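Protein chains in written order, with UniProt numbering: chain A, 1 to 655; chain B, 1 to 655; chain C, 1 to 655. Cβ coordinates follow ideal geometry from the N, Cα and C atoms, glycine included. Keep in mind it's a predicted model, so treat the numbers as computed, not measured. Contents: one structure, followed by commentary.
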């Protein structure tokens with residue numbers, strides 16, 4: 001693991017020295033030492049410098065930076081530069097630029113201007129990755145390989161169409177099978193030749209949902225294939241671990257379960273999209289997802305901002321203390337360090353307003369002081385490296401379900417996926433419970449409670465898996481509009497959800513009744529729902545709460561059969577939290593450190609001989625600790641968490 | 001008429017057996033019998049199956065289904081499949097795909113992916129229609145031909161440009177006339193060669209309104225020509241009636257008056273866009289339009305949903321009882337039956353969430369039970385077939401005016417057309433009065449009251465027609481921004497509206513004064529207006545109500561000269577209803593059944609010897625009848641309408 | 001000057017007789033005399049008539065109109081018709097049509113359908129302008145040349161790309177310099193061949209801000225070059241002055257400082273975008289800008305509407321009296337007349353709803369009566385021609401800053417430019433103070449107070465200029481997010497704003513803290529701010545007001561060092577007005593006529609021997625004058641301004 005090479009947790013960020021000159025490099029060296037930086041990501045956007053014309057490489061400048069960093073005690077996470085092809089490449093290979101569903105070929109002038117399926121691009125990417133790996137495979141500074149950057153660019157061009165067809169042949173075997181899967185008997189869409197099959201480009205009205213879903217699956221596989229090519233080229237000449245960084249919030253173009261299996265360490269980028277407590281909850285949401293995609297193994301926070309909160313049409317600043325608190329929030333949930341984009345705020349270019357470790361204002365600034373504080377804290381936590389985080393509650397997550405919920409023609413625009421997952425995770429976070437994410441077909445036996453929101457698509461295997469989980473006494477909450485289509489997007493017939501799950505839940509959903517925009521209904525237990533309702537028949541379950549109005553008056557809204565619960569509306573946050581709280585009680589899931597007030601987060605990492613309790617106070621007032629403890633960050637005995645402060649306590653582990 | 005062949009009213013829906021297999025077909029047979037289905041629309045989306053490659057037909061599967069249906073007592077409304085060309089066709093004829101104003105050629109993958117003006121498409125459509133007609137022209141199951149489906153796809157490609165030019169030559173005769181009509185002296189748009197004339201594609205700023213209007217007229221004519229080609233091909237070999245189904249709400253691409261003259265029976269599709277009482281009013285609005293387009297003759301509700309209310313970004317469910325109530329709402333206003341899209345809810349494809357007669361949940365469901373109830377009711381109403389509905393009030397409707405109100409450069413975005421018609425119809429519906437729609441140039445002598453909302457464009461003939469109507473004592477209400485341009489979109493000079501109408505109204509509108517968004521004004525009679533105001537001079541009229549604020553303070557808002565009224569603002573619904581109520585009184589128009597509470601609808605169909613009163617209770621409480629009556633639906637004597645219930649009463653006609 | 005030729009102020013408008021016939025022309029002659037029209041803009045949209053096919057000119061019709069106008073005492077502002085190429089031109093030269101960033105080539109059918117960089121277009125424009133100038137260069141009716149109309153059309157085609165490269169070579173000298181300026185080291189954008197450089201077309205994500213800024217600069221230069229070509233062709237054969245009309249509100253495609261230097265008289269078009277007092281303030285805003293672009297010399301209001309207030313999705317009417325009040329509002333601030341678009345409201349075409357001097361309703365109308373009243377008023381003000389308006393307060397304006405604030409990737413969408421300038425100007429207008437606009441690098445010594453809102457980009461020269469201004473005792477208010485990037489969009493390092501200005505202000509801005517949408521903060525002096533806040537360190541300044549919440553609690557919000565003020569948030573209008581009022585007091589700037597109530601505007605024009613005070617009452621009540629005076633408009637002694645009325649008073653000047 002990288003922490004062994006670093007001798008502790010990773011701390012640092014993207015380092016783009018090519019934007020600066022000699023004098024600044026000297027200052028960088030000094031400031032990195034001052035801040036405790038031990039890992040720098042280099043070369044993410046350097047293709048144009050590394051290969052100024054096709055086939056001619058200029059490594060001299062990079063040699064110098066790597067040597068300098070190494071001499072300064074900073075290891076390097078060396079990036080392949082393939083996320084941003086240089087202008088000469090796109091001029092020579094216009095067919096390797098991405099094309100929109102409308103057929104508009106985008107041009108150079110931003111970043112990510114490549115078509116992942118274009119042979120010229122794939123070849124160029126392999127070649128430059130190989131050249132880098134050959135040059136630096138054994139460089140003592142290199143601790144990690146960073147393939148590409150935030151794979152995300154979709155394309156609908158003719159290369160993509162050709163690749164899509166190859167993928168479809170492999171998946172479906174025959175056109176007959178594809179026709180059956182996509183339901184092409186409807187709307188006269190039956191394909192009689194592979195050449196007729198296209199990506200879901202601009203068309204007259206609704207697109208075929210099966211086609212759209214398969215296109216998402218195809219593109220995810222294509223991303224993974226592109227990653228593998230570079231990874232394998234690197235592995236051929238270097239023994240250092242290889243990864244690629246995933247953009248977490250809303251990152252929908254890749255199945256992260258699958259990608260997680262391909263990287264040596266899961267690395268994620270995380271930028272919250274709301275300030276304050278919401279940002280803290282979002283840190284936990286991202287970190288729990290990252291750890292889950294890593295299969296529970298340690299992972300790495302590759303990017304965060306020192307002062308970047310994306311809030312719609314503006315970028316809010318972080319509050320004092322959040323650089324440390326967010327960093328420790330990630331470490332607490334399994335990250336082996338905390339890295340930032342980027343070391344020094346760009347003077348020019350499209351991200352000159354993206355925050356950095358050294359802001360425009362220079363080192364004499366609040367931000368750089370907080371960066372140093374955070375570097376010092378991480379240095380003191382070297383011992384937690386390699387320890388793990390365990391959870392007894394899980395939220396189900398499946399990219400297929402996410403993609404499926406992007407289909408045209410769904411009955412309501414309020415059938416969201418990502419927000420539904422966040423609401424489920426937030427309810428657990430508010431209750432002080434650390435949660436995993438789990439694939440519906442994964443082994444769930446380690447969990448006592450499983451939440452299944454927005455699981456529109458649920459495969460036969462997934463449905464059987466959930467049935468089995470409940471049958472063995474696991475508590476499960478299935479939420480509205482879940483399990484209604486199978487893995488081919490075919491609707492479940494005879495009543496929703498999928499039969500084995502229906503049996504476990506003891507219900508049959510006969511009819512969906514979307515609520516009107518802004519309609520808010522009351523259930524018999526006084527809770528409130530929006531967006532959705534369903535007509536349910538009890539077939540073994542009891543109604544825990546019922547609808548109280550209109551057609552559904554008296555009809556079950558929330559049901560239970562033994563440990564299997566079904567919720568047919570979108571509860572208000574407070575009511576949903578109460579329900580989840582009740583389920584946690586019933587399932588016997590307890591918070592890591594009970595008795596903490598709201599806004600104080602406690603998470604435990606477990607090593608071979610110790611446990612480390614991370615206590616993060618997101619409140620503006622100090623909070624007393626249950627009992628005095630030695631704080632690893634300050635090496636002092638403390639009996640309270642300061643306002644906005646953090647304490648890490650080591651505890652011996654009874655084995 | 002089709003009802004003669006069926007022996008009563010039509011009941012059934014679109015039937016797409018190609019989406020299912022043997023076992024389901026068997027169940028279909030049984031369930032259709034159970035539900036009283038006597039008519040199924042077959043083949044709407046079957047081109048890919050019927051003609052799996054160019055020129056090779058496969059009729060065997062369709063033979064089998066038609067024979068099966070026939071054996072089961074279900075007649076067939078046989079569709080030509082031309083609304084959804086198969087993938088092989090679009091691959092072979094990319095020029096037959098539709099192109100957007102931006103020049104984006106859409107691709108296969110949805111439905112309606114054809115360019116109506118492409119010669120290859122038109123030829124293929126004629127050919128497949130002929131082949132079908134030859135095969136099934138005499139089939140005993142076939143009761144009706146259903147050409148295409150919801151003609152709606154616009155195109156801006158070069159085929160369209162060429163066809164547009166041919167149409168323009170025919171309409172205008174010369175380029176000089178076109179230049180004069182379109183006012184090309186402005187903005188240096190004078191055409192000197194036909195080749196210069198284009199469809200209104202993407203351009204720098206406002207498009208020429210004359211060009212846009214003529215393009216709408218051209219496209220409507222093109223639709224009708226395309227329909228005629230198929231109809232004539234069918235008529236050549238079959239004696240069954242021919243129609244095409246019109247999509248009613250907001251269906252703006254075809255002049256339905258013109259299309260109504262071409263079909264053997266007007267057939268419409270109707271999906272309400274709001275729940276509850278609004279849906280009921282919308283049923284009446286659609287049905288009255290359909291009957292009017294049919295020239296007062298019986299027509300056919302070809303599609304509705306068992307549980308489909310399109311409400312913006314979601315599809316709401318229908319309430320219990322609405323399947324029957326909406327169906328009878330259509331029948332009461334002249335439909336010879338009630339059909340649905342579709343028989344069985346699709347398992348896959350883009351409309352898998354569209355409601356159906358047999359839902360995903362299967363026949364053991366509320367929806368199927370209501371379907372059966374509706375089938376039974378229609379069976380008991382066989383005797384009403386062929387009877388008619390008469391009205392003594394009318395709302396003026398002209399596609400030219402609608403299209404004209406879509407012009408660029410109008411003074412306010414609140415100058416709506418379709419909503420204005422709905423408001424006018426709703427005021428009459430709320431008053432219990434059945435209304436026709438009438439073309440401004442039509443014979444209006446059968447009406448006592450005519451409402452003219454949003455009649456921006458009014459031809460010289462139309463203006464003279466309205467003047468004559470008023471001169472003969474007809475009560476007419478002309479509403480704001482009406483009669484301001486002539487049939488070529490040239491503004492009326494010297495004061496609006498068109499001179500003969502101005503004289504009848506006794507006013508001269510000098511100036512339009514659009515109101516600000518959310519501005520609400522008060523008139524002297526306490527009523528309120530939004531969106532619009534006008535500066536009016538009285539030239540023979542009296543002011544019934546005046547403006548009370550600002551520039552227009554004291555100036556006439558609502559005027560009257562004998563039976564000719566002019567309203568210069570958009571009144572609030574309640575005030576507008578009061579005004580329409582007053583006009584009804586003055587005109588001597590009475591509801592079909594006076595004394596009913598709001599939300600109870602009464603409509604009368606008149607046959608040779610009987611009248612049938614349809615009473616529909618849209619309220620949640622029972623309502624007493626004026627006197628006990630024999631209900632044809634239950635064959636029982638009733639003295640009240642149950643909550644949400646329907647009663648149909650036969651009455652002998654005194655001749 | 002044109003007023004010498006006219007013998008007074010200009011009055012009239014665009015005249016498009018080609019839309020009408022003989023009878024109307026006769027009426028036009030009479031009505032123009034009745035209204036006092038002395039200048040008509042002819043030929044703006046006449047290319048198709050003037051040159052009905054390439055190289056063949058038809059001048060006969062124009063000869064006749066010019067002779068007729070001349071005979072009627074109406075001088076002509078003769079337009080080159082190049083803003084609207086005729087259909088034959090675009091058919092022959094499709095490459096001369098504009099192309100969007102998406103690559104969509106727009107078509108004929110609107111106006112402004114040309115690509116300014118297309119060689120064919122430029123050649124055709126020069127040729128038709130030359131032909132016109134040769135024909136009419138000496139025509140006695142011609143008083144002014146009107147090149148093109150509202151230059152505004154952008155393009156992203158390959159001609160544009162080529163021209164952009166030529167411009168970039170000239171500006172930057174080398175690719176190295178361009179790479180440095182645009183910061184292409186970031187995102188691997190380094191250019192190695194000029195062919196790689198493109199206009200900022202549709203790309204994957206954020207565009208390079210340097211590229212976008214240079215494209216704006218390039219396009220502005222291209223507009224000026226195109227203008228110059230026509231101007232020089234005209235000057236070669238005519239001695240009449242030459243101008244082009246600028247569209248003022250939001251007109252962002254041309255650097256109006258630069259264009260102002262190229263025209264013989266600055267001519268602007270102005271349409272307010274809100275009714276009432278806002279419209280009056282907008283008149284002053286536009287007029288002060290126009291005068292400033294003219295370098296203080298008289299200018300000309302080339303277009304306004306008699307009843308056109310563009311308010312989002314609708315066009316509101318003007319109130320009675322506004323035709324005169326707006327016209328005098330422009331004249332008071334230096335316009336040598338008041339012209340309208342257009343003389344007679346179009347009967348057809350895309351602007352048939354644009355108001356005009358003679359409306360559809362004809363001369364017997366409120367609008368024409370107000371037109372006549374305005375014509376009479378201007379005739380009585382002939383003596384003010386040539387006089388000037390002086391100001392001792394200025395608002396800084398720089399197109400570079402405006403363009404820069406359109407960059408992708410800025411930290412908030414509320415960093416607006418044009419609205420910020422309007423807010424600054426409005427505060428001065430509300431205080432009764434006439435303001436100039438000034439370029440940041442201009443000589444500011446004539447001003448006592450300078451406001452610098454939204455000056456995101458500030459060159460080194462500009463920063464030094466402001467420092468010098470303050471050092472000499474000038475009062476300056478620099479507002480948030482100003483001075484943060486230099487002329488190449490490179491961020492100022494070490495703290496904002498640019499160093500010399502930072503020193504003058506005595507502050508260092510360390511951090512930007514955008515506020516949340518709808519967040520409203522309170523400062524220590526009770527004022528309120530929205531949109532933005534900053535973390536400031538005092539380095540010589542004092543805090544006049546501080547933040548009172550959160551991170552910035554107690555930190556300076558408004559600072560002052562001697563006469564140099566810095567405001568780090570966007571104050572509410574009332575608070576901002578109070579601050580500007582205080583600065584006016586401190587700077588010793590007094591309104592033209594103190595003591596007037598709000599809504600009464602007073603502006604002074606100064607001639608060689610007289611001063612003329614324009615008093616405009618925008619209120620609905622009469623207002624007493626400080627002392628009785630002779631009103632030039634009525635030639636009567638008045639002691640009050642009527643409600644909504646205007647008075648102009650001449651005063652002898654003490655020299």
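What residue from A:107, A:632, A:84 has the CA that sits closest to residue 91 of chain A's CA? A:107
Given that a residue counts as buried once 16 or more other Cβ atoms are within 10 Å of its Cβ, and exposed if not, what is residue 390 of chain A? exposed
Going by other Cβ atoms of all chains shown within 10 Å of its Cβ, with 16 needed for buried, is residue 636 of chain C buried or exposed? exposed
Residues within the stretch 45-57 of chain B neighbouring chain A, beta-carbon criterion of under 8 angstroms: 45, 46, 47, 48, 49, 52, 53
Quick check on the burial criterion: 16 or more other C-beta atoms within 10 angstroms. Buried or exposed for residue 601 of chain B? buried
What runs of the beta strand (DSSP E), each 3 residues or longer, lie entirely inside the stretch 37-100 of chain A? 39-42, 75-79
DSSP beta-bridge partners of residue 236 of chain C: None; residue 236 of chain C has no bridge partner.
Where does the unbroken alpha helix (DSSP H) through residue 278 of chain B begin, and where does it stop? 277-293
For residue 16 of chain A, would you say it is in contact with chain C, using Cβ-to-Cβ distances shorter than 8 angstroms as the test? yes
According to DSSP, residue 32 of chain B sits in a beta bridge with which residue or residues? For residue 32 of chain B, which the question treats as bridged, DSSP gives no partner whatsoever.
By the criterion of Cβ-Cβ separation under 8 angstroms, what are the contact partners of residue 366 of chain B in chain A? 510, 511, 535
I'd like the span of the beta strand (DSSP E) that includes residue 656 of chain B, first residue to last. Because chain B spans 1 through 655 in this model, residue 656 of chain B falls outside it and cannot be assessed.
Can you pull the DSSP bridge partners for residue 546 of chain C? C:556
Using alpha carbons as the reference points, say which of B:584, B:77, B:51, B:54 lies closest to residue 5 of chain B. B:77
Alpha carbons only, please: which of C:141, C:151, C:137 is nearest the one belonging to residue 114 of chain C? C:151
Extent of the continuous alpha helix (DSSP H) to which residue 161 of chain C belongs: 158-172
Taking the beta strand (DSSP E) that residue 145 of chain C belongs to, which residues open and close that run? 142-146
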